[in-house]
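The sequence shown begins at 1 in UniProt numbering and counts up one residue at a time.
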Amino acid sequence: MTQHKPIKKAVFPVAGLGTRFLPATKAIPKELLPIVDRPLIQYAVDEAREAGIEQIIFVTGRGKTAIVEHFDVAYELESTMEERGKDMSVLDPTRATPGDIITVRQQVPLGLGHAIWCARAIVGNDPFAILLPDELMVGEPGCMKQMVEAYNEVGGNLISVLEVPQDEVSSYGVIAPGAEISDALTEVTGLVEKPPVAEAPSNKIISGRYILQPEVMRTLETQGKGAGGEIQLTDAMARMIGNQPFHAVTFAGNRYDCGSKTGFVEATLALALERDDMGSEVRAIAERLLAK
Ligand code: G1P
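What follows is the structure in structure tokens.
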């Protein structure tokens, strides 16, 4: 098997305004809204770490510093907890190796492609991952680990995909699938961002996880505006097809669209129901509410 350069860096675009969740997101970044007791960003960072990623690159914007605080040491909190003999392990996921959290700013919201391009100096010449924290992917192993496993086989560029009802494709990036390599791995022959339903090449959508080669940064450099007047990552990736291997991994697990309010509520319920410490209580509450 060819040795592919390992994936050690991940970019998390977190500059979005989160207007769909106002007023909750007026003073709090949407990535810090909790699903049960963990902020959304924590799930994405945990997923990346499980996949062997070491460097966490946040593309942030104004009003988003609380995300970085979340991954810092909170001295007062920790010393008070210690004095009171509290269990400190709840904070473990928020700890970072010194120097492993890096932020860059996207000053103007010009689109996902532009946000990723803002991280070009840190990505350098390494292949890297991208995780969109709005998409909560729950699986064993997690989505990024499934992708890294596929990457170790085929190398090149990979995106995670899942099927949605045909009438929903216009909200997403859609792939044109090519040859099937295995049950979960397909070649990608084309990509289109937010196509009209009638023009969508399939109902397989990009679900917010990517492993890309650094050349995408050069492609983004000259990427014009696309769907919604934004610089789209999908358009830049589409231009790379043919020059570089491109595959889609069908994620085995559950996906929650936490960019929408109903998806957020669904995720909260689903994850609470799965928890050992509260699942049965939450089930009883849900049943009582539904019986009303
Ligand atoms: C972005 C991507 C799109 C992808 C989606 C997944 O769109 O551009 O290709 O399918 O995330 O959530 P956005 O949700 O930012 O409009």
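Note that CB positions come from ideal geometry on N, CA and C, so glycine has one too.
Setting aside the 5 residues that flank it on each side, residue 155 is surrounded in the same chain by 2, 4 and 245, each with a C-beta closer than 7 Å to its C-beta; the list follows chain order. Boundaries cannot be given for residue 164, as no beta strand (DSSP E) includes it and DSSP labels it neither H nor E. Residue 251 sits in coil when the DSSP states are folded into three classes, being neither helix nor strand.
Distance check between residue 147 and each of 121, 186 and 113 places 186 closest, using alpha-carbon atoms only. In the structure shown, the three-state DSSP call for residue 9 is strand. Taken in chain order, the whole alpha helix (DSSP H) runs of length 4 or more contained in the region 80-150 are 112-117 and 120-123. Pairing residue 126 with residue 224, the inter-Cα distance amounts to about 24 Å.
Residue 279: not part of any beta strand (DSSP E); member of the alpha helix (DSSP H) spanning 279-291, first to last residue. Below 8 Å, too few C-beta pairs join the region 164-180 and the region 65-79 to call them touching: fewer than three. Taking 8 Å as the cut-off, the beta carbon of residue 175 is found closer than this to the beta carbon of residue 204. Annotation: the continuous alpha helix (DSSP H) that includes residue 65 extends over 65-70. Every alpha helix (DSSP H) of 4 residues or more that sits fully in the region 217-271 is shown, in chain order, as 233-240. If you ignore the 5 residues before and after residue 30, its C-beta comes within less than 6 Å of the C-beta of 18 and 21, all in its own chain and listed in chain order. Under DSSP, residue 204 takes part in a beta bridge, and its partners are 163.
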